[in-house]
C-alpha cells in the first residue's frame, strides 16, 4: 500500500528554466554595470550557452563575452543570490491539493541548500508538504542518487521505503536513486524537462512514466506493483 508520495523539485514540480532565466538576467545586469553589455544581449548569450550545455555556463561565457575568468565566482554568487519570483504551475498546485488528504507528501532535492530553500519559498511550497529533505544538508556525497536522502524522507514521514513512491524527471538521480533505496518510482517527462529524452537505466525501470503531473493520480489508482511499467498518455 502506498502511503507517501515524494517529489523531486527542479523540472518536476516546476520548470527550472524559470529560475535560470532570472539568474541570468541578474548576471547580465552586473556584467553590463562592469562594461560588458548591453544587458539584454548578454542575457541572450547566457541563455544560449545554457541551452547548449548546462555545465560551467559562466566559465564558457567569459571566453565568449570577453570578461576575466576571475569574475566568475562573484557572478556565480550574484546568480545564486538574486531575487527570484517563481510561480507554481496550476497542475502542480492542483495535484498537491488532491493528494494531501490521502498521502503523506515530501520533497527531496539536490543543489545548494540555500538556493533550494529560496526556490521552495518562492514557489510557496514550504508548509505544503510534510517533509523537505535538502540533500546538501546531508553532505555533498549524499546528493541523489545516494540512498540516504530518500530513506531520510521516509523516516521523517514514518513510512517504510516500499510504502512510498518517488516522482522525478532524472533517470539516474531520481529513478535509479529511489529504486535502489527501496521506493517505487514514477518518471516525469514533461514538455519543459531538460532530461526528458534521456533513456532509463536498464536496471532502474520506473513503475510508470507520465508527461504531466495531473496524470499521477491515475497511476496511484492503478494498484501498481514494482513489476508494472506503463506510459500514461
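In my numbering, the protein residues as written are 3 to 235. Cβ coordinates follow ideal geometry from the N, Cα and C atoms, glycine included. None of the values given here were measured: they were computed from a predicted structure.
Does the separation of the CB atoms of residue i and residue j fall below 8 angstroms?
i: residue 140; j: residue 151; result: yes
i: residue 179; j: residue 148; result: yes
i: residue 183; j: residue 153; result: yes
i: residue 133; j: residue 155; result: yes
i: residue 171; j: residue 189; result: yes
From residue i to residue j, what distance separates their C-alpha atoms?
i: residue 169; j: residue 176; result: 8 angstroms
i: residue 37; j: residue 27; result: 15 angstroms
i: residue 2; j: residue 223; result: Look at the range of the chain in this structure, 3 to 235, and you will see that residue 2 is not part of it.
i: residue 231; j: residue 102; result: Reliability fails at residue 231, whose pLDDT of 38 lies under 50, so the model's placement of it is uncertain and the value that follows must be treated cautiously. If you take the alpha carbons of residue 231 and residue 102, they lie about 25 angstroms apart.
i: residue 8; j: residue 51; result: 32 angstroms
i: residue 85; j: residue 41; result: 17 angstroms
i: residue 207; j: residue 75; result: 39 angstroms
i: residue 68; j: residue 61; result: 11 angstroms
i: residue 63; j: residue 202; result: 32 angstroms
i: residue 213; j: residue 4; result: 21 angstroms
Using the rule of at least 16 other Cβ atoms within 10 Å of the residue's Cβ for burial, across every protein chain shown, is residue i buried or exposed?
i: residue 209; result: buried
i: residue 187; result: buried
i: residue 195; result: buried
For the alpha helix (DSSP H) containing residue i, name the first residue and the last one.
i: residue 31; result: 19-35
i: residue 115; result: 115-124
Spatial neighbours of residue i within its chain, please: CB distance less than 6 angstroms, with the 5 preceding and 5 following residues excluded, ordered by chain position.
i: residue 33; result: 44
i: residue 128; result: 122
i: residue 181; result: 187 and 206
i: residue 109; result: 9, 11, 131 and 134
Along the chain, where does the beta strand (DSSP E) that runs through residue i open and close?
i: residue 106; result: 106-111
Could you name the residues of the same chain whose beta carbon sits closer than 8 angstroms to that of residue i, not counting the 5 residues immediately before and after it, in chain order?
i: residue 228; result: Because residue 228 sits at a pLDDT of 40, beneath the cut-off of 50, its placement in the model cannot be relied upon, and the point is left open.
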